[in-house]
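Residue numbers (our numbering): 9 to 341.
Before any comments, here is the structure.
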Amino acid sequence: MKKACPSCGASGEGFEPHLDAISGQRYEILRCSGCDLVFAEPFRFPGQDWYERFNYVDGYGEFGGSGGDQRARLLLSRLPIRSGTLLDVGCAAGMLLDYAASRGFQVEGLEVDRRFLELARSRAKGPVHEGVLDESFARKHEGRFDAVALLDVLEHLDDLGASVGRVRRLLKGGGYFLISVPDNRRPTVFGRDLWDYPPHHLSRWTPKALRTFLEREGFEVVDLRSGGLPTWEFSRVWADRSAAFLLRSLKKLLFGRGSAGTPMSDLIGGERESSLAAARLLPAKSLRLRLVSLYHRLFHAATFPFFFSMKLYYQMTIPGVGVNLLAVGRKKG
Numbered sequence: 009m010k011k012a013c014p015s016c017g018a019s020g021e022g023f024e025p026h027l028d029a030i031s032g033q034r035y036e037i038l039r040c041s042g043c044d045l046v047f048a049e050p051f052r053f054p055g056q057d058w059y060e061r062f063n064y065v066d067g068y069g070e071f072g073g074s075g076g077d078q079r080a081r082l083l084l085s086r087l088p089i090r091s092g093t094l095l096d097v098g099c100a101a102g103m104l105l106d107y108a109a110s111r112g113f114q115v116e117g118l119e120v121d122r123r124f125l126e127l128a129r130s131r132a133k134g135p136v137h138e139g140v141l142d143e144s145f146a147r148k149h150e151g152r153f154d155a156v157a158l159l160d161v162l163e164h165l166d167d168l169g170a171s172v173g174r175v176r177r178l179l180k181g182g183g184y185f186l187i188s189v190p191d192n193r194r195p196t197v198f199g200r201d202l203w204d205y206p207p208h209h210l211s212r213w214t215p216k217a218l219r220t221f222l223e224r225e226g227f228e229v230v231d232l233r234s235g236g237l238p239t240w241e242f243s244r245v246w247a248d249r250s251a252a253f254l255l256r257s258l259k260k261l262l263f264g265r266g267s268a269g270t271p272m273s274d275l276i277g278g279e280r281e282s283s284l285a286a287a288r289l290l291p292a293k294s295l296r297l298r299l300v301s302l303y304h305r306l307f308h309a310a311t312f313p314f315f316f317s318m319k320l321y322y323q324m325t326i327p328g329v330g331v332n333l334l335a336v337g338r339k340k341g
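Here you go:
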């Protein structure tokens with residue numbers, strides 16, 4: 009299969025099929041011959057309903073970690089300005105907003121997921137808008153911001169050029185665009201994570217693909233670098249998979265075989281007598297999350313020597329590889 013690249017328009021050739029277990033949609037994964045972008049066909053955002061189901065497949069949503077604080081610090085350290093107005097699109101829990109405000113920026117956020125929205129509003133030192141980066145938002149806030157951030161957002165979008173065009177409209181002349189995307193070169197020795205397949209990730213980025221895209225969309229690339237390759241990037245795969253396996257097994261034991269993909273909170277809140285009886289055997293959600301977090305830390309500590317040596321090997325064989333790519337672009341014109 010050959011399709012036009014959604015970034016540069018050159019021909020992309022398929023190299024891997026993928027079947028989405030949630031929707032039943034079949035995808036072809038292609039690589040662009042021009043800019044090196046890897047993208048999905050169909051190239052289409054799945055909708056919020058799909059995401060609500062995805063969060064709990066294989067235990068996602070019951071636990072997890074984030075390098076958001078580190079990415080925020082690295083990106084802001086590369087930003088040539090030290091104050092001004094900053095908008096974080098897809099601000100999630102508001103980590104970037106929190107850190108940018110502490111650095112002297114006037115911050116605003118934009119978030120569509122209500123589970124994150126209230127948390128972001130409770131911690132952000134500025135307004136957090138509910139919604140998406142559409143034409144209405146871009147028109148209302150045109151030319152207002154010195155910097156706009158999209159951290160781990162670009163890979164989810166099905167309208168790359170249009171979305172980044174709206175970012176340009178939001179920026180003042182000479183304003184800065186902050187981007188974080190997963191690095192497609194990062195180690196996949198244990199196989200790709202579920203979240204790196206469509207429709208969750210519609211595109212996969214390399215330094216060449218990201219630079220080419222930003223320049224085509226009217227940005228001068230001020231900085232483009234790896235976000236680093238911590239040892240936990242290797243150990244977390246097995247920590248996540250083993251924790252998910254244990255969680256699914258516990259659900260099946262307490263609630264039956266059909267419960268593996270259902271959030272634990274929903275199972276406990278069920279009205280069936282079996283659910284109520286099982287709920288009494290489990291600790292509160294806050295304690296469950298702390299126990300999972302403790303499990304992850306113990307797993308990382310126990311496997312550190314092995315995975316640290318693996319990290320060194322990858323750093324020697326793929327110079328500049330990291331978990332994420334971090335870029336700062338300056339608006340031209």
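All C-beta atoms in this analysis are idealised placements derived from N, C-alpha and C, irrespective of residue type, glycine included.
Because the structure is a prediction, the values reported are computed rather than measured.
**Asked** Should T196 go down as buried or exposed, given a rule of 16 or more other Cβ atoms within 10 Å for buried?
**Response** By the neighbour-count rule (16 or more Cβ atoms within 10 Å), T196 is not buried but exposed.
**Request:** Could you tell me whether the Cβ of E143 comes closer than 8 Å to any Cβ of chain D?
**Result:** Judged by its chain identifiers, the structure shown contains no chain D, having just a single protein chain.
**Message:** Please state the DSSP three-state secondary structure of H208.
**Reply:** DSSP places H208 outside both helix and strand once states are collapsed to three, so it counts as coil.
**Alpha-carbon spacing of A157 relative to R194, whole angstroms** = Cα to Cα, the separation comes out at about 22 Å.
**Message:** Give the list of continuous alpha helix (DSSP H) stretches no shorter than 4 residues that lie fully inside the region 58-138.
**Reply:** Taking only runs of at least 4 residues, the alpha helix (DSSP H) segments lying wholly in the region 58-138 are 76-86, 103-110 and 122-131.
**Request:** Might you give, ordered along the chain, the residues of its own chain that have their beta carbon closer than 6 Å to the beta carbon of F221, omitting 5 neighbours on each side?
**Result:** These residues qualify, in order along the chain: S15.
**Prompt:** What residues match up with S234 in a beta bridge as DSSP calls it?
**Reply:** L333, per the DSSP bridge assignment.
**Message:** Less than 8 Å between the beta carbons of I37 and A48, yes or no?
**Reply:** Going by C-beta atoms, I37 is nearer than 8 Å to A48.
**Asked** Hey, how far is the Cα of T311 from the Cα of S243?
**Response** T311 and S243: Cα-Cα distance of roughly 7 Å.
**Request:** Would you tell me roughly how many angstroms separate the C-alpha atoms of R122 and M324, rounded to the nearest one?
**Result:** Cα to Cα, the separation comes out at about 42 Å.
**Request:** Return helix, strand or coil for F47, following the three-state DSSP convention.
**Result:** It is a strand residue.
**Prompt:** Taking the Cβ atom as the reference point for each residue, do P207 and P25 lie within a distance shorter than 8 Å?
**Reply:** With contacts defined as CB atoms closer than 8 Å, P207 and P25 fail to qualify as a contacting pair.
**Request:** Going by CA-CA distance only, name the one from M103, F51 and D28 that's closest to D11.
**Result:** Here the sequence assigns Lys to residue 11, which means Asp is not the residue at that position. Residue F51 is the option with its Cα nearest to K11.
**Request:** On a CA-only basis, which of R338, L320 and V331 is nearest A179? Give me that one, please.
**Result:** Looking at the sequence itself, residue 179 is Leu, so the reference to Ala does not match. Closest by alpha carbon: R338.
**Asked** Between R212 and E223, what straight-line distance do the alpha-carbon atoms span, to the nearest angstrom?
**Response** Using only the alpha carbons, I get a separation of about 18 Å.
**Request:** For L168, collect the residues of the same chain with a Cβ closer than 8 Å to its Cβ; drop the 5 residues on either side in sequence, then sort them by chain order.
**Result:** Closer than 8 Å at the Cβ level, and outside the excluded window around L168, lie P14, S15, L162, S211 and F221.
**Message:** Looking only at its chain, what residues have a beta carbon closer than 8 Å to the beta carbon of R90, apart from the 5 residues adjacent to it on each side?
**Reply:** Scanning its chain for C-beta atoms nearer than 8 Å, with the 5 sequence neighbours on each side dropped, one finds around R90 the residues R111 and G112, in chain order.
**Asked** In three-state terms, what does DSSP make of P190?
**Response** Here P190 sits in strand by DSSP.
**Asked** For V160, which residues of its own chain have a beta-carbon under 6 Å away from its beta-carbon, when the five flanking residues on both sides are left out?
**Response** Going by the sequence as given, residue 160 is Asp instead of Val. Excluding five sequence positions before and after D160, the CB atoms of its chain that fall closer than 6 Å to its own CB belong to S188, given in chain order.
**Prompt:** Since S31 sits in a beta bridge, which residues does DSSP pair it with?
**Reply:** Answer is none; S31 lacks a bridge partner.
**Message:** Looking at the secondary structure, which residues open and close the beta strand (DSSP E) in which L222 lies?
**Reply:** For L222, there is no enclosing beta strand (DSSP E); the enclosing alpha helix (DSSP H) has its first and last residue at P215 to R224.
**Message:** Let me check understanding here. Comparing Cα to Cα, which of L45, G151 and R39 lies closest to T93?
**Reply:** Distances from the CA of T93 to each of L45, G151 and R39 were compared; the closest alpha carbon is that of G151.
**Item:** Alpha-carbon spacing of H149 relative to G266, whole angstroms
**Value:** If I take the Cα positions, the gap works out to 47 Å.
**Bridge partner(s) assigned by DSSP for L179** = Note: L179 sits in a beta bridge opposite F153.
**Asked** Can you name the start and end residues of the alpha helix (DSSP H) that K148 belongs to?
**Response** Looking at the DSSP string, the run of the alpha helix (DSSP H) that includes K148 is E143 to K148.
**Message:** Taking 8 Å as the threshold (C-beta atoms), are E119 and G134 in contact?
**Reply:** Their beta carbons are not under 8 Å apart, which means G134 does not touch E119 by this criterion.
**Item:** Expected contact under 8 Å - CB spacing of K340 and G236 to nearest Å
**Value:** For a cut-off of 8 Å, the C-beta gap from K340 to G236 is around 29 Å, too long to register as a contact.
**Message:** What residue range does the beta strand (DSSP E) around K340 cover?
**Reply:** Unbroken run through K340: none, as it is neither H nor E.
**Given R219 as reference, the closest of V336, G20 and R79 once Cα atoms are compared** = With distances taken between Cα atoms, R219 lies closest to V336.
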